[in-house]
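Peer 1:
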Amino acid sequence: MSSTRGLKANSHKTERVRVKNQKLKQVKNDYALYLMLLLPIIYLIIFKYVPMTNIVIAFKNYNMFQGIWKSPWVGLDIFKQVFSMDGFYRALRNTIVLNFLDLIVGFPAPILLALLINEICFKKFKKLTQTVVYMPHFLSWIIISGIALQVFAPNTGLVNLLLRKFGMEAVPFLNEPVHWIISYILIGVWQSIGWNTIIYLAAITGVNTELYEAAVVDGANRWKKIWHVTLPGIRPTIVTLLILNLGRILSIAFDRPYALSNYFVTNVGDVISTFVYRVGLQSQQYSIATAVGLFQSLVCIIFLVLANVITERLGEEGIM
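The numbering used here puts the first residue of the sequence shown at 430, with every later residue one more than the last.
1. What's the gap between the Cα of leucine 466 and the Cα of isoleucine 475?
2. For threonine 524, which residues from the same chain have a beta carbon less than 7 Å from its beta carbon, with the 5 sequence-adjacent residues on both sides left out?
3. Buried or exposed for arginine 742, please, with buried defined as at least 16 other CB atoms from any protein chain shown within 10 angstroms of its CB.
4. May I have the straight-line CA-CA distance separating valine 588 from phenylalanine 581, to the nearest angstrom?
5. Quick check: what's the CA-CA separation for isoleucine 470 versus glutamine 455?
6. Terminal residues of the continuous alpha helix (DSSP H) containing valine 734?
7. Given a cut-off of 8 Å, decide if tyrosine 563 and isoleucine 627 are closer than it, judged by their beta-carbon atoms.
8. Indicate the three-state DSSP secondary structure (helix, strand or coil) for glycine 496 in the structure shown.
9. Where glutamine 579 and aspartate 531 are concerned, what is the direct C-alpha to C-alpha distance, given to the nearest angstrom?
10. Of all the options Asp506, Leu521, Leu464 and Lys489, which has the alpha carbon lying nearest to the alpha carbon of serine 726?
11. Label proline 686 either buried or exposed according to how many other C-beta atoms from any shown protein chain fall within 10 Å of its C-beta, with 16 as the threshold for buried.
12. Curious, which full-length alpha helix (DSSP H) runs of at least 4 residues does the stretch 576-637 contain?
13. What do you reckon, are the CB atoms on asparagine 547 and isoleucine 622 nearer than 8 Å?
14. Does asparagine 528 pass the burial test, meaning 16 or more other C-beta atoms within 10 Å, or should it be called exposed?
15. Measuring alpha carbon to alpha carbon, tell me which of Asn450, Val697 and Leu640 ends up nearest glycine 516.
16. Look at the alpha carbon of leucine 468 and the alpha carbon of alanine 461, and state the distance between them as a whole number of angstroms.
17. Under 8 Å: do the stretch 642-653 and the stretch 534-541 share three or more Cβ pairs, one atom per stretch?
18. CA-CA distance, asparagine 584 and leucine 710?
19. Smallest Cα separation from glutamine 620: which of Ser569, Ile533 and Thr659?
20. Quick check: the Cα distance between glycine 496 and asparagine 737, rounded to an integer number of angstroms?
21. Could you check whether the stretch 656-672 touches the stretch 634-644, counting it as contact only if at least three pairs of C-beta atoms, one from each stretch, sit closer than 8 Å?
22. In or out: glycine 635 buried (at least 16 other Cβ within 10 Å) or exposed?
23. Sorted by chain position, which residues of the same chain lie with C-beta nearer than 8 Å to isoleucine 484's C-beta, five sequence neighbours on each side aside?
24. Do you know how far the Cα of isoleucine 611 is from the Cα of leucine 453?
25. Assign lysine 499 to buried or exposed, taking buried as 16 or more other Cβ atoms, counted over all protein chains shown, within 10 Å of its Cβ.
26. Give the straight-line distance between the Cα atoms of asparagine 566 and asparagine 625, rounded to the nearest whole angstrom.
27. Quick check on DSSP: helix, strand or coil for arginine 447?
28. How many angstroms separate the CA atom of arginine 445 from the CA atom of glutamine 451?
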């Protein structure tokens, strides 16, 4: 019995050594790829993970002269202070509303555009269309806000000049809350639709062409091929992007609302990122700004996990 156990132990040990040698050999063969991966990892560690140590500011009465570690602990008092601020709830409400509207309008738009572009028969026109819709993605929001002012300004904007020419009243696109929200969403869709369209077009190219041929044999028209072949083929991509978008439901970039908003629409244009900028940088209340950012990150993680769990229970493949 002891000899049998010894043989089994030796065989397991030999197998572990063999697997280890195979892994080392694979690393040696692909050392260039691992070296290329090293720089992004170093970047993430230095600029993403190391700054996370400053999260403790949210639990301290931070004083820049005392430093992070010498500032006195206050526990959850900063969070209580945040949740008692009226401006925080307004920013929270606006962030959720704008992101939700972005999701409702902006998420299906690139899917529809990708399906339309995919049906274009002329290759040159197809490439031109892709380029035109993709170009706004390279523009900063400062440039886009300048364009928006030239187009939608109440007195000198191109759209309102045309409206007056046809005997209609000018529309305050950027100076009235409801019109500003509509303009904000549509401008955002225009800026981002090209990038997401490219992603869906790449997913469409991965759909098996034999399925289209089989659909033609079964007598399917163009609409039925889209509905029964193309959309099911890109469903994993749709689900993945939907999960990521739901995970960002409480996260909103600073540049877009800051560049497009103004004094007249503060009640609907002030979001968490601009609130943090105003409180953290302008008022120098760094503990409050850190607490808001930490709360925002935790809620986004919860939404991301919930969306992933629901997706997996519905039979789709998640991202975790």
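Note that the Cβ used here is the ideal one computed from N, Cα and C, for glycine as well. Values in this document were obtained by computation on a predicted structure and should not be read as measured data.
Peer 2: This is what the structure gives:
1. 15 Å
2. Leu679, Ile681, Val700 and Ile701
3. exposed
4. 6 Å
5. 20 Å
6. 715-742
7. yes
8. strand
9. 23 Å
10. Leu521
11. buried
12. 587-594 and 606-634
13. no
14. buried
15. Val697
16. 12 Å
17. no
18. 34 Å
19. Ser569
20. 39 Å
21. yes
22. exposed
23. Thr719 and Leu723
24. 57 Å
25. exposed
26. It is histidine, not asparagine, that sits at residue 566 in the sequence shown. If I take the Cα positions, the gap works out to 10 Å.
27. helix
28. 10 Å
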